[in-house]
Amino acid sequence: MRLSGKGVKRLNSAGYGDQYIHIKVTVPSHLNAEQRSLMLAWAATEKTKSGTVNGLEEYSAKFAGHSKQQQQGGESKNKKSEDNQSPKGESDTPESVDGDTSFLGKLKRTIFGS
Numbered sequence: 001m002r003l004s005g006k007g008v009k010r011l012n013s014a015g016y017g018d019q020y021i022h023i024k025v026t027v028p029s030h031l032n033a034e035q036r037s038l039m040l041a042w043a044a045t046e047k048t049k050s051g052t053v054n055g056l057e058e059y060s061a062k063f064a065g066h067s068k069q070q071q072q073g074g075e076s077k078n079k080k081s082e083d084n085q086s087p088k089g090e091s092d093t094p095e096s097v098d099g100d101t102s103f104l105g106k107l108k109r110t111i112f113g114s
């Protein structure tokens with residue numbers, strides 16, 4: 001990325017040089033359950049951009065139920081572990097949207113699986 005006129009002052013003329021910024025983004029290939037829930041919670045609060053996040057509706061329903069349980073004192077750990085297990089034949093990762101070739105679409109597929 002180049003920021004014109006934001007670099008070092010030029011010695012023999014007026015003005016400033018260009019500032020070059022190198023950005024490196026590392027996308028995780030696998031997320032554990034805690035990381036995945038944090039990413040979905042972040043996606044639920046993000047209201048500034050358009051689009052959808054696969055699995056967000058499922059997470060919202062679980063999160064709303066979970067927050068009510070916390071307010072009421074919660075349930076035993078055995079009950080919670082049963083809720084977290086998915087039925088046989090279903091995967092925890094949501095299906096990717098076909099034709100979504102944008103950067104954010106690729107990022108979502110990488111993080112949440114495809």
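Just so you know, the UniProt record's numbering puts 103 at position 103 of the sequence shown, and the rest follows in order with no gaps. Virtual Cβ for every residue (Gly too), placed ideally from N, Cα, C. A quick note: this is a predicted structure, and the numbers were derived from the prediction, not measured.
Proximity winner among the options, relative to residue i (alpha-carbon distances)
| i | options | result |
| --- | --- | --- |
| leucine 107 | Val27, Leu11, Gln35 | Val27 |
| arginine 2 | Trp42, Lys9, Val8, Gln19 | Gln19 |
N-terminal and C-terminal residue of the alpha helix (DSSP H) that residue i is part of
| i | result |
| --- | --- |
| arginine 10 | Note, arginine 10: premise wrong, no alpha helix (DSSP H); not H, not E. |
| residue 115 | For residue 115 there is no data in the structure shown, the boundaries of the chain being 1 and 114. |
| threonine 26 | Careful: threonine 26 lies outside any alpha helix (DSSP H) and carries neither H nor E. |
| glutamate 34 | 33–45 |
Paired residues, beta bridge with residue i - DSSP
| i | result |
| --- | --- |
| leucine 3 | Gln19 |
Classification of residue i by the beta-carbon crowding that lies within 10 angstroms, buried from 16 upward
| i | result |
| --- | --- |
| leucine 40 | buried |
| phenylalanine 103 | exposed |
| alanine 43 | buried |
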